[in-house]
Structures are given as C-alpha cells and as structure tokens.
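Residue numbers (numbering that gives the first Met the number 0): 0 to 254. We put the beta carbon where it would ideally sit given N, CA and C, even for glycine. Just so it is clear, the structure is predicted and the values come from calculations on it, not from any experiment.
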Amino acid sequence: MTSSQVPQAILDLIRQLTNKRPRIVAEHILKHGSVTTEELETLYGYKHAPRAARDLREVGIPLETIRVKNADGKTIAAYRFGDVSTIRADRLAGRRSFPKKFKVALINQQGSLCAICRSPYESRYLQIDHRVPYEVIGDPVTTERAIADYMLLCGACNRAKSWSCEHCPNWSEAKNPAICKTCYWATPETYLHVALRNIRRIEMVWDEDEIQLYTKLEEKARSRGEALPAYVKRIIKQHLEDDVDNPPHLPEQAE
0 MTSSQVPQAI LDLIRQLTNK RPRIVAEHIL KHGSVTTEEL ETLYGYKHAP RAARDLREVG
60 IPLETIRVKN ADGKTIAAYR FGDVSTIRAD RLAGRRSFPK KFKVALINQQ GSLCAICRSP
120 YESRYLQIDH RVPYEVIGDP VTTERAIADY MLLCGACNRA KSWSCEHCPN WSEAKNPAIC
180 KTCYWATPET YLHVALRNIR RIEMVWDEDE IQLYTKLEEK ARSRGEALPA YVKRIIKQHL
240 EDDVDNPPHL PEQAE
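Right under this line is the structure:
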C-alpha cells in the first residue's frame, strides 16, 4: 500500500499526531508500507515494539500484524495499516489525557500506592491505567470518567500488565470487556484468571526496614539450593499445615 492508497481517514488521524513515537511509526509505514519489530529497534531504538504499535492503535489508527522474514531468514512481526472500517468512534479523537484533578481524585479514593504490588509511591511515580485496557474498551464517549474504571500503577507493574495483556487471546481476538473485568490485571483484589490462564499471583515488595528480612529469606533459599519463589511457597505450605495440626486455642465464651 503506497501513501496515495492510504484511506483519507487514516491520513487525517496521522496529521493530528503530536507525539514523536507514533508519528515516526506512522511515517515509516506511509513510506515503506510496513514496519518490522526489528526496524523499530534498530532504526528508532524502540525495544518494546508492541508498545510503539499500541501508540498508533490508541489514537484510532488501525494496524494489522503480519509475519515477515528478516535478512537472516528469521520470522519476525511487522505492522501495516489495517481496515479503515474498524476505526471506532470512541478513538477518533485519540486517547484522552488525564487532568491533574482526576489523579488527585484517584489517590484520595484508592491511596497513593500501586494497585498491583500495593507499594506506596509519591504521586509523580504513579501512572493512571485503564482497568480494562484501552485497546479493548477505548475511552468513554462522554466527558465524564468513572474513577472505578481506572487504577494507579507503578512503572514496573504497568509494564508487566502491558506485556501480559498483549499476549492474552482476548486482547487480540474477542476483545470482550467482561473477560477483562474478571482478570487479575483489572481487579487484583478479586479475580478469576490472569490473562485467561487459571493461575493466581501475589506481588510482594520488601521496603526499607524489611530489606533485612528479605536478605535472610534469600540466604535461606540459596543455602537449600531452592529458587526464592519455590522456597517461599514451601514455607507458606508448611505454615498452613502446622496451623491445621495445631489450631489456635479460642477462649471459651461466658455463659
């Protein structure tokens, strides 16, 4: 597809781009017809190619992923403009920014901590995230946002969520918001699956004075030749079994 063959609706969206990364990706596709994950890294330094592609999708520009061969004959992913009929009305204005007062409202309701790892952070280190990914649900057409539809995440947890969501079948196929709402990455307090996998997660962070405890735990695991997560699981299992064998004594109720 040459630039003269690109639908006008897509060209109009590209002209509205102000952020550097999505504009670079869009202009490369306009010039060459597609862009590979390898080109995104080697030419532009984007090590996380799916994130660069998401930048375009989040402003309403449809992309499709194809498989191509690189110079070494290795199969890699590439992106090109997709079907213009898939442009959604709620994406025509692109992804909306969050006003400062919205973040303040989120902190007042949810606390100044990451919703996944539960670690406290200064406001500037927390990122506002859609509980149901923007790629699936977009932004509301109305001007009002519901605080309950968003969460605050630290950078590490936000990147982990992005990777997990991008590899979920619901992300690439069904795009069913109801499935996302029962996922760990949307509601870590109560969930049925993690990106459609029947697993459970717990995020644990040792901070400040707790570092010594973590160091001792790490040393114990190493001395036993166990990986730290496996060691933690084993001692938790042992603790729970000990509780079953020796239930706590409850005081008798007064007659």
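Q | Whole runs of the alpha helix (DSSP H) within the stretch 99–127, excluding any shorter than 4 residues | A | 99–109
Q | Which of helix, strand or coil DSSP assigns to residue 174 | A | Coil.
Q: Round the Cβ separation of residue 77 and residue 122 to the nearest angstrom and send it over; I've been treating them as touching at under 8 Å.
A: About 39 Å separates the two Cβ atoms, so there is no contact after all.
Q: Given a cut-off of 8 Å, decide if residue 168 and residue 191 are closer than it, judged by their beta-carbon atoms.
A: no
Q.
Let me check one thing: in DSSP terms, what residues is residue 65 bridge-paired to?
A. 77
Q. So, are the CB atoms of residue 40 and residue 117 less than 8 Å apart?
A. no
Q) Taking the continuous beta strand (DSSP E) assigned at residue 190, which residues delimit it? A) Segment: none, residue 190 is in no beta strand (DSSP E) and carries neither H nor E.
Q) Which residues in the same chain have their Cβ closer than 7 Å to the Cβ of residue 205, if we skip the five residues on either side of it in sequence? A) Hits under 7 Å: 212, 213.
Q: Say whether the stretch 119–133 touches the stretch 147–160, bearing in mind that this needs 3 or more beta-carbon pairs closer than 8 Å, one atom from each stretch.
A: yes
Q: Inspect the beta-carbon positions of residue 65 and residue 79 and report whether they are closer than 8 Å.
A: yes
Q) According to DSSP, which residues form a beta bridge with residue 182? A) 192
Q.
At the level of alpha carbons, what is the spacing between residue 6 and residue 120?
A. Their backbone Cα atoms lie some 45 Å apart in a straight line.
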